[in-house]
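Here the structure comes first, spelled out in C-alpha cells, and everything after it is commentary.
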C-alpha cells in the first residue's frame, strides 16, 4: 500500500476493455421482453397481443421471476438491460422492476410508445435515471396518421402526453419512426419534429418490416408484407443519401465481405447479448423463437443457458443447398438483414433465404453502384475490385440507422 | 427516499465512520470494484462508471458505516505492514474524494 495522493477514483466508459481485463463477461447485455401485449395494435408490428389478453398475462414472468433473472444477469457481468415488449409499461410492476434493475447497478434501456407514461414514473426516471436514453416508438406526426397505424383511438394524445412528461423532466429519449405507406408523405417533417424534440441527430426508422416472430397470425403477416417498402423506393432512398452516408455503407460492405459459408450465425452485434421472452424463455435475440434455438429457463438457469446452450446455437451450420449456394457465398451477407430470425419468421426454418431482404440488399448495393441491375452478388467474380480492395475492419453496426429490429 | 447531499467542503474526520451512499451502486466485476451512479447528478455523461485503484478498493471494502476511519487505517496498516500515518493519509484522501463525488456519506 502506498500513499497515492489523488486519483483513487477513476472514470471509465462502460465499454472500456480495461473493465474486463481483456476477457469480456459471459453476458454484457440482456433484452427482457416483459410482455407480449400492447395497448396499441399497430398494423406493422410483429409483437402485439391485445392488452387485455388474460391468458398471455397469466403466463408472463412474475415480478420475482424477473427480479431473479436480473440478479443472475448482473452476476454474469451484465451491465445493460433493455426492458421491452409488447409495451412494457402495461405491467403494473414496471416501476418496481425498473428500480430493482437500477439498484443492481444495471443501466436500463426502455422501449415504449410512451402512451402509458405517468407523472410518477417520469419522476422516478428523472430521480433515478436509466443511464440509457428511453426509446420511444412514434408512428406518425399527425393524429390521423398515427392512429391509422396504431389502430387505437386516443393513442396519439396519450403518446404526446407521455413524450411531454419525458421532455419536461429532461429525461433523454430517442424517437423511432416507421416508414409505412401511411407515414411516408410526412417522413421529412417527422424527422425535423423528432430531432427538435429529442435532440437526436437523426431518426431511426423501422424500414423493412419483420413478420410475426411467434408465427401466430398468418393473416397479419399478409398485411405486413403489403406494407413493406417497394424496392424502387428502397433504391431511391439509398441513392438520395448524403455522399458521406453512402461512403459509410460502401466501407461497411467492403469491411464485412468475407463469405459466411455454412455458418448460420454471423450476427455482428450479438456477442455477449441475449434475450428472454415474456414467459421466461432464453433466446439468442428477441426475434429468434425457433424451438431448436431457445432455452426454457424453467429447465436450467441463465448461466447454463449462456454457457452451454448459447455456444451450441452459435455453432449451428446450414445444410440447405439453396442457402449455401446463395447466402453462404454472398459478399453482401453481413449487409443483408437476412438471418436465422428472419428465416424463422418468414419460413419457419433457420436458413431459407428471405427474398424480400435479399432484394432490399441488392437494391441498395445497386444504388451504391456496386451491382448492375439484376445482378446477384454471389455470382460476381470481381467483388474485390468493385469495393476498391480489402477495407480495414470497422464498425460492427450496420450504418445508416438501419436496425435488424430485434 | 434518496437524499440529496452536496458533499462539498465537508471535513473528513478519522474518528467518524463512513458508508457507501445510497446514490450509487457498487458491483464487483472480475475482482474489481465498479461504482455505478444510481441517481441523477452523479456523473456528467451518460456512459460513465467509476473504478477504484488498489488502495481505494482496500479502503472501500472496509467502509461499513460503523468502523471509524482510524480503525480502518489500523486494519490496513496491519495487513499491508505500512506506517499508520501513511495509511491514514490514504484513507483520508480517498474518503475526501468519495465524499466530494457523493459516493460515500458520514454516519453519525
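Residue numbers (my numbering), protein chains in the order written: chain A, 572 to 977; chain B, 130 to 237. Every residue, glycine too, gets a C-beta built ideally from N, C-alpha and C.
Helix, strand or coil: which one does DSSP assign to residue i?
i, result
"residue 209(B)", "helix"
"residue 621(A)", "strand"
"residue 862(A)", "helix"
"residue 907(A)", "coil"
"residue 184(B)", "helix"
"residue 703(A)", "coil"
"residue 793(A)", "helix"
"residue 708(A)", "strand"
"residue 216(B)", "helix"
"residue 963(A)", "Because the pLDDT of residue 963(A) is 44, which lies under 50, any placement of that residue in the model is unreliable, and the number read from its coordinates should be weighed accordingly. If DSSP states are grouped into helix, strand and coil, residue 963(A) belongs with coil."
"residue 771(A)", "coil"
"residue 875(A)", "helix"
"residue 854(A)", "strand"
"residue 141(B)", "coil"
"residue 635(A)", "helix"
"residue 224(B)", "helix"
"residue 938(A)", "helix"
"residue 750(A)", "coil"
"residue 161(B)", "strand"
"residue 559(A)", "Past the edges of chain A, shown from 572 to 977, lies residue 559(A), and the structure says nothing about it."
"residue 130(B)", "Reliability of the predicted coordinates at residue 130(B) is poor, the pLDDT of 31 falling under 50, and the value obtained from them is presented with this limitation in mind. Residue 130(B): coil per DSSP, three-state reduction."
"residue 694(A)", "helix"
"residue 728(A)", "helix"
"residue 867(A)", "strand"
State the beta-bridge partners of residue i as determined by DSSP.
i, result
"residue 153(B)", "166(B)"
"residue 609(A)", "621(A)"
"residue 146(B)", "197(B) and 236(B)"
"residue 888(A)", "834(A)"
"residue 733(A)", "Bridge partners of residue 733(A): none, in fact."
"residue 581(A)", "180(B)"
"residue 652(A)", "601(A) and 679(A)"
"residue 915(A)", "Answer is none; residue 915(A) lacks a bridge partner."
"residue 847(A)", "603(A) and 853(A)"
"residue 777(A)", "749(A)"
"residue 922(A)", "Answer is none; residue 922(A) lacks a bridge partner."
Give every residue of the same chain whose Cβ lies closer than 6 Å to the Cβ of residue i, excluding the five residues on either side of it in the sequence, and list them in chain order.
i, result
"residue 153(B)", "164, 166, 167 and 232"
"residue 945(A)", "none"
"residue 194(B)", "146, 148 and 236"
"residue 293(B)", "One cannot answer for residue 293(B) here, as it falls past the ends of chain B, which runs 130 to 237."
"residue 188(B)", "220 and 223"
For residue i, tell me which candidate among the options has the shortest Cα-Cα distance.
i, options, result
"residue 881(A)", "769(A), 868(A), 796(A) and 945(A)", "868(A)"
"residue 765(A)", "782(A), 734(A), 797(A) and 788(A)", "734(A)"
"residue 710(A)", "611(A), 873(A), 797(A) and 891(A)", "611(A)"
"residue 877(A)", "645(A), 634(A), 807(A) and 746(A)", "645(A)"
"residue 215(B)", "226(B), 150(B), 191(B) and 184(B)", "184(B)"
"residue 879(A)", "865(A), 642(A), 915(A) and 889(A)", "865(A)"
"residue 638(A)", "935(A), 620(A) and 652(A)", "652(A)"
"residue 797(A)", "753(A), 883(A) and 669(A)", "753(A)"
"residue 621(A)", "601(A), 822(A), 690(A) and 722(A)", "722(A)"
"residue 849(A)", "602(A), 940(A), 713(A) and 582(A)", "602(A)"
"residue 742(A)", "854(A), 698(A) and 952(A)", "698(A)"
"residue 896(A)", "768(A), 951(A), 931(A) and 755(A)", "951(A)"
"residue 747(A)", "739(A), 740(A) and 730(A)", "730(A)"
"residue 933(A)", "803(A), 784(A) and 833(A)", "803(A)"
"residue 806(A)", "930(A), 702(A) and 833(A)", "930(A)"
"residue 784(A)", "854(A), 959(A) and 682(A)", "854(A)"
"residue 669(A)", "926(A), 702(A) and 749(A)", "702(A)"
"residue 755(A)", "786(A), 724(A) and 716(A)", "716(A)"
"residue 605(A)", "615(A), 629(A) and 757(A)", "629(A)"
"residue 858(A)", "655(A), 583(A) and 609(A)", "655(A)"
"residue 162(B)", "169(B), 190(B) and 139(B)", "190(B)"
Pull up the CB-CB distance for residue i and residue j, whole angstroms please, since I reckon it's below 8 Å.
i, j, result
"residue 938(A)", "residue 809(A)", "4 Å"
"residue 695(A)", "residue 719(A)", "Their Cβ separation, rounded to whole angstroms, is 33 Å, which puts residue 695(A) and residue 719(A) out of contact at 8 Å."
"residue 831(A)", "residue 919(A)", "Their Cβ separation, rounded to whole angstroms, is 21 Å, which puts residue 831(A) and residue 919(A) out of contact at 8 Å."
"residue 707(A)", "residue 744(A)", "5 Å"
"residue 685(A)", "residue 737(A)", "7 Å"
"residue 223(B)", "residue 579(A)", "4 Å"
"residue 650(A)", "residue 677(A)", "7 Å"
"residue 600(A)", "residue 851(A)", "Not a contact, Cβ separation roughly 18 Å."
"residue 643(A)", "residue 872(A)", "6 Å"
"residue 812(A)", "residue 757(A)", "Not confirmed; about 19 Å, so no contact."
Excluding the five sequence neighbours on either side, which residues of its own chain have a C-beta within less than 7 Å of the C-beta of residue i, listed in chain order?
i, result
"residue 835(A)", "887, 888, 889, 911, 921 and 922"
"residue 956(A)", "none"
"residue 782(A)", "617, 792, 795, 916 and 917"
"residue 144(B)", "197 and 199"
"residue 227(B)", "233"
"residue 595(A)", "843"
For residue i, collect the residues of the same chain with a Cβ closer than 8 Å to its Cβ; drop the 5 residues on either side in sequence, then sort them by chain order.
i, result
"residue 928(A)", "779, 907, 908, 909 and 913"
"residue 996(A)", "This structure does not reach residue 996(A), given that chain A is present from 572 up to 977, and the question cannot be answered."
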